[in-house]
Amino acid sequence: MNRETVYEARAEILKALAHPSRLAIVDALAEGERCVCELQEVVGSDMSTVSRHLALMKAAGLLAARREGTNVHYRLRVPCITRLFACIEAVLAEDVKQRARRVEGRP
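Each residue of the sequence shown is one higher than the one before, counting from 1 in full-length UniProt numbering.
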């Protein structure tokens with residue numbers, strides 16, 4: 001893969017994460033496999049909205065699904081994605097510190 005293709009692939013994955021409901025889904029699935037009905041409660045949206053989010057995330061390669069009777073259960077295909085969240089939270093924490101320093105008049 002050339003660099004441009006890699007950047008495009010990364011952007012597609014980040015786009016699939018770029019919604020608060022999808023981030024909540026990843027957080028819930030970090031704890032283990034969940035059925036759509038459980039994820040619906042986590043997100044607080046109707047079934048069709050949650051299903052659209054899940055389909056988009058699955059198409060991006062973030063999720064795996066299995067059917068059990070009438071229920072579909074989802075899991076993170078690559079659980080290391082949660083490390084990205086830890087990095088984002090570190091960036092946010094550093095930003096808060098920097099803003100506090102500016103308010104106090106320190107660089």
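We put the CB at the ideal spot given by N, CA and C, even for glycine.
Computed from a prediction, not measured in an experiment: that's the story for all the values here.
Neighbour-count burial assignment, residue i, 16 or more Cβ in a 10 Å radius
i	result
Met47	exposed
Ala86	exposed
Ile88	exposed
Leu54	buried
Beta-carbon gap between residue i and residue j smaller than 7 angstroms
i	j	result
Cys37	His73	no
Arg77	Ala90	no
Leu56	Ala9	no
Glu33	Arg75	yes
Val6	Ser21	no
Val50	Leu39	yes
Nonlocal neighbours in the same chain, by C-beta distance under 6 angstroms from residue i, ignoring five residues either side
i	result
Thr82	Ala30
Ala24	Val42, Val43
Ile13	Ala60
Contacts around residue i, its chain only, beta-carbon distance under 8 angstroms, and the 5 residues preceding and following it disregarded
i	result
Met1	Ala9
Completely contained alpha helix (DSSP H) runs for the UniProt domain "HTH arsR-type" (2-96), where each covers 4 or more residues: 3-17, 20-30, 36-43, 47-59
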